[in-house]
Each structure stands twice: as C-alpha cells, then as structure tokens.
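In order, the protein sequences belong to chains G and S. Add 192 to a position in the first sequence, counting from 1, and you land on the number used in the working numbering. Add 192 to a position in the second sequence, counting from 1, and you land on the number used in the working numbering. Let me begin by presenting the structure, written as structure tokens, before commenting on it.
Protein chains: 2
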Amino acid sequence: MEFSEWYSEILEKAEIYDVRYPIKGCGVYLPYGFKIRRYAFEIIRKLLDETGHDETLFPMLIPEDLLAKEGEHIKGFEDEVYWVTHGGKTPLDVKLALRPTSETPIYHMMKLWVKVHTDLPIKLYQIVNTFRYETKHTRPLIRLREIMTFKEAHTAHATKEEAEEQVKEAIEVYKKFFDALGIPYLISKRPEWDKFPGAEYTMAFDTIFPDGRTMQIGTVHNLGQNFAKTFEIIFETPDGGKDYAYQTCYGISDRVIASIIAIHGDEKGLSLPPIVAPIQVVIVPLIFKGKEEIVMNKAKEIYNLLKDKFRVHLDDRDIRPGRKFNDWELKGVPLRIEIGPKDIENGKITLFRRDIEEKFQIGDNEELIDEMEKTLNTINENMKNRAWEKFDAFIKIVEFNESKIDEIKNILSEERGVILIPYVESIYNEELEDKVEASVLGITEYKGDKYIAIARTY
Amino acid sequence: MEFSEWYSEILEKAEIYDVRYPIKGCGVYLPYGFKIRRYAFEIIRKLLDETGHDETLFPMLIPEDLLAKEGEHIKGFEDEVYWVTHGGKTPLDVKLALRPTSETPIYHMMKLWVKVHTDLPIKLYQIVNTFRYETKHTRPLIRLREIMTFKEAHTAHATKEEAEEQVKEAIEVYKKFFDALGIPYLISKRPEWDKFPGAEYTMAFDTIFPDGRTMQIGTVHNLGQNFAKTFEIIFETPDGGKDYAYQTCYGISDRVIASIIAIHGDEKGLSLPPIVAPIQVVIVPLIFKGKEEIVMNKAKEIYNLLKDKFRVHLDDRDIRPGRKFNDWELKGVPLRIEIGPKDIENGKITLFRRDIEEKFQIGDNEELIDEMEKTLNTINENMKNRAWEKFDAFIKIVEFNESKIDEIKNILSEERGVILIPYVESIYNEELEDKVEASVLGITEYKGDKYIAIARTY
Chain G
193 MEFSEWYSEI
203 LEKAEIYDVR
213 YPIKGCGVYL
223 PYGFKIRRYA
233 FEIIRKLLDE
243 TGHDETLFPM
253 LIPEDLLAKE
263 GEHIKGFEDE
273 VYWVTHGGKT
283 PLDVKLALRP
293 TSETPIYHMM
303 KLWVKVHTDL
313 PIKLYQIVNT
323 FRYETKHTRP
333 LIRLREIMTF
343 KEAHTAHATK
353 EEAEEQVKEA
363 IEVYKKFFDA
373 LGIPYLISKR
383 PEWDKFPGAE
393 YTMAFDTIFP
403 DGRTMQIGTV
413 HNLGQNFAKT
423 FEIIFETPDG
433 GKDYAYQTCY
443 GISDRVIASI
453 IAIHGDEKGL
463 SLPPIVAPIQ
473 VVIVPLIFKG
483 KEEIVMNKAK
493 EIYNLLKDKF
503 RVHLDDRDIR
513 PGRKFNDWEL
523 KGVPLRIEIG
533 PKDIENGKIT
543 LFRRDIEEKF
553 QIGDNEELID
563 EMEKTLNTIN
573 ENMKNRAWEK
583 FDAFIKIVEF
593 NESKIDEIKN
603 ILSEERGVIL
613 IPYVESIYNE
623 ELEDKVEASV
633 LGITEYKGDK
643 YIAIARTY
Chain S
193 MEFSEWYSEI
203 LEKAEIYDVR
213 YPIKGCGVYL
223 PYGFKIRRYA
233 FEIIRKLLDE
243 TGHDETLFPM
253 LIPEDLLAKE
263 GEHIKGFEDE
273 VYWVTHGGKT
283 PLDVKLALRP
293 TSETPIYHMM
303 KLWVKVHTDL
313 PIKLYQIVNT
323 FRYETKHTRP
333 LIRLREIMTF
343 KEAHTAHATK
353 EEAEEQVKEA
363 IEVYKKFFDA
373 LGIPYLISKR
383 PEWDKFPGAE
393 YTMAFDTIFP
403 DGRTMQIGTV
413 HNLGQNFAKT
423 FEIIFETPDG
433 GKDYAYQTCY
443 GISDRVIASI
453 IAIHGDEKGL
463 SLPPIVAPIQ
473 VVIVPLIFKG
483 KEEIVMNKAK
493 EIYNLLKDKF
503 RVHLDDRDIR
513 PGRKFNDWEL
523 KGVPLRIEIG
533 PKDIENGKIT
543 LFRRDIEEKF
553 QIGDNEELID
563 EMEKTLNTIN
573 ENMKNRAWEK
583 FDAFIKIVEF
593 NESKIDEIKN
603 ILSEERGVIL
613 IPYVESIYNE
623 ELEDKVEASV
633 LGITEYKGDK
643 YIAIARTY
C-alpha cells in the first residue's frame, strides 16, 4: 500500500484525527490521538521547564500594523494570513491577523519588559494554535490550515554569544525530545534562500518518511538583532551603554505526531513508543468454558497490580481474543498480556511485544512490575534503533559533478531519501535545486564530514 | 483601596497578566500567572478524566452556515462573533467565525460518530481559546475578547434521564473543582430569559467578589434534543427505533483564575491556595555577618530535602530579608521558611503562614516533610473556610413585598452581595429585575429552602 493511503487509513482506523470537518486543512484530534499529543508535548514541556524556559500565553490576534512591522517577516507570511475584518456586523478599524507565528506579538511585549541587562535573558515558550491559509495540498497533521499544536519558544539575550549558546541549547533540547520519541533526524543549516523570514540563519531538523521524502519537524532560528531593532527591544548594558537584544526562536508542531505515526507504524497499523502510548499495556483474558471466573479474576488481579505504575487497559469485551489482538495491534499498544487457564496453572504470564511481534513468557511473581518496566524501556530503545537503521539506509553519499546529475535525479525519484554531496562552496546555490529537481536542505554534518543535503521534501 | 483598582494593580505587580497588548480585551499570561492557570486546570482535567470524559481538540474556525444552523444559538452570539473574511489577499467563499463556543463544530462531528445506542454516551472536553467581540467594558480575565482558557465539555446520551444524570455529575465535578480552589459558590437555575441560547435550562455557579458583585464562574446546560435535532444526531435505539441524542454541555473559563486572585487576596497582595501556588514554600536565609556559610548551607539542605515533594524556591538574592518577605507575600506564596543562625543552633525552623500572617516554629528533624504537608493542607482548608464565611456574610434573606423594594435596592447598591427572596412563583419574572435594579441569578436552594437569588453581577 502506498504510504499516503496507509497514513490516511491509520488516522481514521486508529482514531487519531478526523478529517471530515467542513474546512479544508482543519480537523479534529480524537481522544486517542489527543492522548498521544498530550504525552508527547509533556516531554517537550518538561525539557523546556528544566532548561529555564517559562511557559506563557500570548494573544492569538495580531493587529495588521504590528504584523507588518518587520518587512521581511511579513513578506514571508502575507499571502498566507487569515484576516479578521468584522466584529459582529461592525467592520473593524484595524484588520486583525490570526497568528501565523508569534514573533510580532511577543516582541512587542518584550520591548516593555526589557530595560536593563539584568532583565535578560528571557526564555519563553507557548503551546498554541496557529494559522496558515495554505494554497498547497493540505495533509492531516502535516500541512494544516489550523496548526493545532505549535510549541514556539522565544528568547532574548544580552550578547551575541549567549544567543549563539541558546541556539545550541535549543538543538540539544530538540535532540532529546526526538530521541525520546525514537524519531531520527538530520540537522542542517538551511540555505540563505530558505531561512526563516527575518532570521540571521535557521537550523532545521528533518526526518525521513517511509516514502523517502523528508519532513521538517523542528527549526531553530538565530534572529540576531533584526527583530530587536524593529521592535525596539533595547537594554542598558553593564557599562551604561545601550544595545539591542539578541534573539532566538524555535518551534515544533503537530508534525511530530505525524512522525510518530509514520516512522514507527507498519502494515498492521500503529506501533507506539511506550513513552507516548495512551495504553502501554493491554490485558486480554483468554476465556475457556468453565474457566471464566478464574481467568477474569487473574486478569483483574494483574490489572490492579499494574494500574498505578503503567497506562494499562483490561479488555473485557465479549468478543473473540483474536479480534482484540488485531484491535490493539492496529492501535499500536506496545505490550499485550494474555492470561489463559494454562498459564495460570503454570504461574506464568504470556507477553506480546508489538514492536517485534513476538511472544514470550515471564513468571507471575513479585518481579512482574520490574519486568514490565524493563520491557517497556527495551521497546522504546529498540524502536528508536530500528528507526535510525531505516533512516541511515535512506542516506546516500554521492560526489557531485555534472555527469552524476542523472544518477542523483534517479535516486531522488526512485528510492528518494537524502543525498549528501561533499561540501563544495561553488555548487552551493539555489540553481542546484533546479539541476537536481529537489530541495537543498542545507549544510549538514554526517559522521564527522560536511555535506550539502538534498531531498524531495514534504 | 477600591477593588477594581486593587485587582488591576495585583495583576501587574504579582506578574499574572499583562494588559498592555494593543487589542482591547486581549492580554498576556505571564509566567507566574500561567503557572496558576496550569495547576488550576490540571485539577479540572483530572476530575474530568476520572469521570470518563475524553479530552479532544476541535477546529477554532467555524463556517458561517454551520454556526448559523441552530437559530436561537446564533441569535445569542451573532453580534459578538469575529469574522474571518480573507485568506491572504483572497476573499473567502464562506466567512469563517472565530469560535465563541464549540457546540456547532462539535455537534456537526457527533452526527458522524453516532449511529446506534451503543455509540453513546459520548463525553468530550477541550481546553481552548474562544472569542467574543465584547462591546461592554472589558476586564482582564473577567470579560475578554480572547478568552484564553475555556474548558468546555460536551456530552450526548441515549435517554433524557441519562442527560439529567450528566447535569448532576457536571455539577458535582465543578463543586469539587471550586472546593479544591477554596472558591465559594451559589448554584442557581438561571431564569428562562437568561439561559444559554439553545438550551432547555442552565445551571450556574456564581461566586461573590470582594466588592459584593457576583461573578458567574461556571455553567452547566441541559440541551435536551434541540441541538441533536438541528445537527441530526440520530441513533438506533435498543428496540430498533430512531431517536435524537440528549445532550449537555458545561464550561469554565479564565474567570476561575480571576476568582482565585480576588477571593483570597488581601491588602498585601495575592494569597494563593497551596494547591495552585507556583511556589508553595519559599526559603529565605537570614544572613548575619560571620554566619553566612552556616545559614546558606542549612538553607540549601532544607531546599534539597523539600524540592522533590513541594514546589519550593530558595531566595538567595542579595537584598534585605524584609524586602524578600514583601515580595513573596505580594506573590501569595502560602508558606515561608526563615532560616537564621539562632534557629539552627536550637534545631528549629521558623515558618510563616501567608493566610493568617503568623509565625511558628517546628523542629528541624525527619518529620519536617510531614509537618510541611500537613501545614499546606491546613492552609488550603483554612482559606476555603474563610472564603465561605465571607461569602455567607454577603448573603441576605429578605421577604419580598412592594414595601421592601427600597430596602432591597439599598442593600444591593450599598453592601451588594446576594439577596435571597423566598420563592413565590408570581414574582418570578423579568420585571423583577427592573424593580430591584439588579439581575435575577435564578432559583437556588440555600440551607434547604428555595429562593429567588438577586444580585448586581459582573
């Protein structure tokens, strides 16, 4: 089955996201999908809190004059901004934009908060909805008109060096985040022609989807003093002078949820890393005639034993176990416990790992909780490693010269993935994109060497 | 100081919410305020999860024809809806509303999900931003154009009785929520002329602010089959017939944050119930010359002892302790630990309770954590009781007859609060509002008797 078809089907069948809302590019996070989102964003929230970021909430509406203040920035967004023009039947004096991103509202406020170098650094983030009037083909959780989940962080610093350090910290935070989710990534410095509108430079995380196309899943921007100059974020330096703040910003969106689904899933459906699985362990009692009570009692006993430690569900529906197995495999539950009369007699419990689709037995004793915990950690780890193996297999190093262009185009249209060209300054320009009929992701380091990364992107 | 002045000042000084955003009725949740919001909404989230509600996320934009589908509902909102008319420079084919509330998007989807009685009940909630083009005077966190935090729940049931039970469950959930926050409330059945547009009836929670005016802080609506008929939420009954779903919905907004501030605060500033305090315990070392190290070491030792169990902050700023005391009292930190050389010698620790403004000593020993936990619980409990005492003092029972109208008007314009009139059917109508120059909250039970509740409202 083709990936995009598989992806649409899984969103529906696993009850992640319902696309049937009557606005293109807008949909509904269903309960199961919402829980994946909740657990995923709890991880990034914790990482940001631990590194001294403060969570905040800024207005969703931006007055036209505020949004238009930074010239390059507005140019990057103006064709994609939704405009509110009326309140009730009254035309508004000033048009209001639905935030496409929050630099302008946040930096307008930062000006009020920053007076002297001791007010810095400021490290804020918020998790909000943002809007783009996409004219391209939309895709659920990948290219939306309402991005339902946008984690954006914004920082201001007293020196260029500190802002530089902040970019590094943000990259470390995102690495930890994607590692926790088992999502592999390539980090590139985006080319000049593809950086964030208004930034000095942009560092980006790309992963590779099963169809070989790359997906941008996170970006970190060094804004230099560009926005600070426009928004007059001025502070008194230790020696009594004045300077503009040095800023960075970085974001993660619903695409991370799309990536969890796409990277780990298989022909049987979702396969969720335990860290974000709404149900980590499902208990399926194997009912045999005459043994109903003994089996159900054991199932409940195990459920009660595990329920405070794991996200566990006891499936006591009156349907065949085989159907239950399929349901929970489709929904990606990482670990299944089967409880039948024979196992009970032998003091054993049968486990099934979704990631490797293998059964094994453990003793039904006081070490059960530890065993489960170990197994769930192993699954997280194994899923990550397997994802990186697939990812690395998608990466090909090709020396660039004119005679290689057909080979490169061939790879990019057949197997796709990422092609790494050993870095040569003279070829690093926008024309390269036309030549190879693909996008330049930017400059990247791979196993210690410097490359130009090229790919077909989402 | 007048309440509204106190309120504005405290939002600014305690760094809760910044009103200086350039759109009327829109502002910024600052880090400290955001944390109060986070802890408060964690409580309601837990209560809803425990009672079988599923968290979801629906689109913010609503097509005009969808919003207009339910006649009464749209009439209730049409003057207050913000309209998106353009995407980039392109006029949209269909105007899009910023959700004022989400009945229409949610019930449109419910129609797709409900086929047969076993699909019911559905109990959903979401915590989102909503919008009202308020023409009235706006007030931070009380009357906003962007309601930054709206927890809305929506349910559908197979029978009228189940919907009735759901209303009761919602009321119980809200009682527990407000009890946890120490916010007193009167529950009224709103009069016909003031119910939610499209509902059968509305149950409302009102609290009383220090200025004696009431504040609606939560509502629970029984929607009957009104919306189900409009949105065609039809299911097959157990006997093979067809019926429309019976629905309820209920909401809580940023007003709960305003209430925490207003109800518990005093002339020294905020006073936060430990359950939502961003900092539950602040440690202030009392530095004396020559004893710096011994005091700081002890302070750090206590900090390390407490930090995994409580939200604790060690204030090691190089300023006088008196200023630190003021800062943290202003910010409403419920418990302060003072550590000085004398206490260290005596094996004691001095605590200060923000709620009663009293100091006391406890032994610096292994029972410290238990003592702290007990004290924080006592503070929660005491703050709740004190708030209820103030609340009850605001409630006056007055028998109604024409000769009493001046007395009632007097009370309502001087002391304000709530006047309870023993229920008489013949006077229960909209004209009563004109007579007493106040709002009819509705019919309420107070200490076992039935009353008409009247008040000046926010």
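Note that beta-carbon positions come from the ideal geometry of N, C-alpha and C, so glycine has one too.
Task: Helix, strand or coil at Val448(G) [DSSP, three-state] - done: If you number the first sequence from 1, residue 448(G) lands on position 256. Residue state, collapsed to three classes: helix.
TODO: Output the boundary residues of the beta strand (DSSP E) element that contains His245(G).
DONE: Here residue 245(G) corresponds to residue number 53 of the first sequence, with the count starting at 1. For His245(G), there is no enclosing beta strand (DSSP E), as DSSP gives it neither H nor E.
Task: Per-residue contacts from Ile548(S) into chain G (C-beta, under 9 Å) - done: Taking the first residue of the second sequence as 1, we reach residue 548(S) at position 356. Within chain G, no C-beta atom comes nearer than 9 Å to that of Ile548(S); the closest sits roughly 31 Å away.
Task: Nearest neighbour of Phe427(S), chosen from Glu549(S), Thr310(S), Thr394(S), Thr282(S) [CA to CA] - done: Against the second sequence, residue 427(S) aligns to sequence position 235. In terms of CA proximity to Phe427(S), Thr310(S) leads the group Glu549(S), Thr310(S), Thr394(S), Thr282(S).
Task: Whether Val412(S) touches Tyr393(S) by CB criterion (7 Å) - done: Within the second sequence, residue 412(S) is the residue found at index 220, counting from 1. Within the second sequence, residue 393(S) is the residue found at index 201, counting from 1. At a Cβ-Cβ threshold of 7 Å, Val412(S) and Tyr393(S) do not count as neighbours.
Open item on the list: Tell me which residue opens and which closes the alpha helix (DSSP H) that Leu284(G) is part of.
Closed with: Sequence index remark: in the first sequence, residue 284(G) carries index 92 (1-based). Note, Leu284(G): premise wrong, no alpha helix (DSSP H); beta strand (DSSP E) at 282 to 290.
- [ ] Could you tell me the distance, in whole angstroms, from the CA atom of Phe586(S) to the CA atom of Gly609(S)?
- [x] As a working note, residue 586(S) is residue 394 in the second sequence. As a working note, residue 609(S) is residue 417 in the second sequence. Gly609(S) has its alpha-carbon roughly 5 Å from the corresponding atom of Phe586(S).
Task: Exposed unless 16 or more other CB atoms sit within 10 angstroms - verdict on His265(G) - done: Within the first sequence, numbered from 1, the residue matching residue 265(G) stands at position 73. Per the 10 Å Cβ criterion, buried.
Open item on the list: Is it buried or exposed, Arg337(G), if we count other Cβ atoms within 10 angstroms and call 16 or more buried?
Closed with: Taking the first residue of the first sequence as position 1, residue 337(G) is located at position 145. Burial state of Arg337(G) is buried, judged by a 10 Å Cβ sphere holding 16 or more other Cβ atoms.
Open item on the list: Looking at the strands, I want to know which residues DSSP matches up with Met564(S).
Closed with: Mapped onto the second sequence, residue 564(S) falls at position 372. Beta-bridge pairing links Met564(S) to no other residue.
Task: Contact list for Arg212(S) against chain G, beta-carbon separation under 8 Å - done: The sequence position of residue 212(S) within the second sequence is 20, counting from 1. Simply Met301, Leu304.
Task: Contact set between the region 271 to 304 of chain G and chain S, restricted to residues whose Cβ is under 9 Å from the partner - done: Those residues of the region 271 to 304 of chain G that come within reach of chain S (Cβ to Cβ, closer than 9 Å) are Asp271, Glu272, Val273, Tyr274, Trp275, Val276, Thr277, His278, Gly279, Gly280, Lys281, Thr282, Leu284, Val286, Lys287, Leu288, Leu290, Pro297, Ile298, His300, Met301, Leu304.
TODO: Flag this pair as touching only if the region 639 to 648 of chain G and the region 596 to 614 of chain G have three or more C-beta atom pairs under 8 Å; answer yes or no.
DONE: Of all C-beta pairs linking the region 639 to 648 of chain G to the region 596 to 614 of chain G, three or more are shorter than 8 Å, placing the two stretches in contact.
Open item on the list: Taking 8 Å as the cut-off, does the region 217 to 231 of chain S touch the region 464 to 471 of chain S (at least 3 CB pairs, one atom from each stretch)?
Closed with: Yes, the region 464 to 471 of chain S touches the region 217 to 231 of chain S.
Task: Neighbour-count burial assignment, Arg498(S), 16 or more Cβ in a 10 Å radius - done: By 1-based counting over the second sequence, the position of residue 498(S) is 306. The question names Arg, but residue 498(S) is Leu in the sequence shown. By the neighbour-count rule (16 or more Cβ atoms within 10 Å), Leu498(S) is buried.
Open item on the list: Please list the terminal residues of the continuous alpha helix (DSSP H) segment that includes Pro214(S).
Closed with: The sequence position of residue 214(S) within the second sequence is 22, counting from 1. Premise fails: Pro214(S) is in no alpha helix (DSSP H) and is neither H nor E.
TODO: Indicate whether Val273(G) and Pro255(G) have their beta-carbon atoms separated by less than 7 Å.
DONE: Reading the first sequence from its first residue, position 81 is the one you call residue 273(G). Reading the first sequence from its first residue, position 63 is the one you call residue 255(G). It is not a contact, given that the beta carbons lie outside the stated cut-off.
Open item on the list: Short of 8 Å in beta carbon distance, which residues of its chain neighbour Val276(G), apart from the five on each side in sequence? Order them along the chain.
Closed with: To locate residue 276(G), count along the first sequence from 1; it is residue 84. If the five residues before and after Val276(G) are omitted, its C-beta is found closer than 8 Å to the C-beta atoms of Leu253, Leu284, Lys287, Leu288, Ala289, Leu290, all from its own chain and listed in chain order.
TODO: May I ask you to list, following chain order, the residues of the region 304 to 338 of chain G that have a beta carbon less than 7 Å from some beta carbon of chain S?
DONE: Listed by position, the residues of the region 304 to 338 of chain G near chain S (Cβ gap below 7 Å) are Leu304, Asn321, Tyr325, Glu338.
Open item on the list: Using the Cβ count rule (16 or more neighbours within 10 Å means buried), how would you classify Glu661(S)?
Closed with: This structure gives no information on residue 661(S), because the portion of chain S shown stretches from 193 to 650.
Task: Asp507(S) (DSSP reduced to helix, strand or coil) - done: Position 315 of the second sequence, counted from the first residue, corresponds to residue 507(S). Here Asp507(S) carries a coil assignment [DSSP, helix/strand/coil].
Open item on the list: Please return the same chain residues whose Cβ sits closer than 7 Å to the Cβ of Leu478(S), not counting the five positions on each side in sequence.
Closed with: For the purposes of this step, residue 478(S) is taken as the residue at position 286 of the second sequence. Counting only Cβ-Cβ distances below 7 Å, and skipping sequence neighbours, we find Val487, Pro513, Glu530, Ile531, Gly532.
TODO: Taking C-beta pairs closer than 7 Å, name the residues in chain S that Thr248(G) reaches, listed in chain order.
DONE: In the first sequence, the residue the question calls residue 248(G) occupies position 56. By Cβ distance, chain S contributes Val220, Tyr221, Leu222, Pro223, Phe226.
Open item on the list: Less than 7 Å between CB atoms is the rule here; does Pro251(S) satisfy it with respect to chain G?
Closed with: Looking up residue 251(S) in the second sequence gives position 59. Taking Cβ atoms only, chain G reaches closer than 7 Å to Pro251(S), which makes this a yes.
Task: Cβ pair Lys381(G), Ile635(G) closer than 7 Å - done: If you number the first sequence from 1, residue 381(G) lands on position 189. If you number the first sequence from 1, residue 635(G) lands on position 443. With a cutoff of 7 Å on beta-carbon distance, Lys381(G) and Ile635(G) are scored as near each other.
Task: Asp556(S) versus Ala491(S): straight-line alpha-carbon distance, rounded - done: Along the second sequence, one-based indexing puts residue 556(S) at 364. Along the second sequence, one-based indexing puts residue 491(S) at 299. So the alpha carbons of these two residues sit roughly 12 Å apart.
Open item on the list: Judging by CA-CA distance, which residue of Val211(G), Asn569(G), Lys642(G) is the nearest neighbour of Thr330(G)?
Closed with: Position 138 of the first sequence, counted from the first residue, corresponds to residue 330(G). Scanning Val211(G), Asn569(G), Lys642(G) for the CA closest to the CA of Thr330(G) turns up Val211(G).
Open item on the list: Using a Cβ-Cβ cutoff of less than 7 Å, which residues in the same chain neighbour Lys343(S) once the five nearest sequence positions on both sides are dropped?
Closed with: Here residue 343(S) is taken as the residue at index 151 of the second sequence, counted from 1. Here the set comprises Phe233, Ile236, Tyr317, Ile319, Gly443, Ile444.
Open item on the list: For Met340(S), would you say it is in contact with chain G, using Cβ-to-Cβ distances shorter than 7 Å as the test?
Closed with: Position 148 of the second sequence, counted from the start, is the residue given in the question as residue 340(S). At a cut-off of 7 Å between C-beta atoms, Met340(S) counts as an interface residue with respect to chain G.
Open item on the list: Give me the chain G residues within the contact set of Ile215(S), using Cβ-Cβ distance strictly less than 8 Å, ordered along the chain.
Closed with: Reading the second sequence from its first residue, position 23 is the one you call residue 215(S). In chain order: Pro251, Leu253, Pro255, Leu288.
Open item on the list: Assuming Ile455(S) and Ile375(S) are in contact, meaning their beta carbons sit under 8 Å apart, how far apart are those beta carbons, in whole angstroms?
Closed with: On the second sequence, residue 455(S) is found 263 positions in, with the first residue counted as 1. On the second sequence, residue 375(S) is found 183 positions in, with the first residue counted as 1. Confirmed, Cβ separation roughly 6 Å.
TODO: Report the neighbours of Leu259(S) on chain G: residues whose CB is nearer than 7 Å to its CB, in chain order.
DONE: In the second sequence, the residue the question calls residue 259(S) occupies position 67. None at all; the shortest Cβ gap to chain G is about 11 Å.
TODO: Rounded to whole angstroms, what's the CA-CA distance from Glu242(G) to Asp535(G)? Just pull it up for me.
DONE: Mapped onto the first sequence, residue 242(G) falls at position 50. Mapped onto the first sequence, residue 535(G) falls at position 343. Between Glu242(G) and Asp535(G), the C-alpha separation is close to 45 Å.
Task: chain G residues whose Cβ lies nearer than 9 Å to that of Arg230(S) - done: Sequence index remark: in the second sequence, residue 230(S) carries index 38 (1-based). Chain-ordered, the chain G residues with CB closer than 9 Å to the CB of Arg230(S) read Glu247.
Task: Three-way DSSP call (helix, strand, coil) for Phe517(S) in this model - done: In the second sequence, the residue the question calls residue 517(S) occupies position 325. DSSP places Phe517(S) within a helical segment (H, G or I) once states are collapsed to three.
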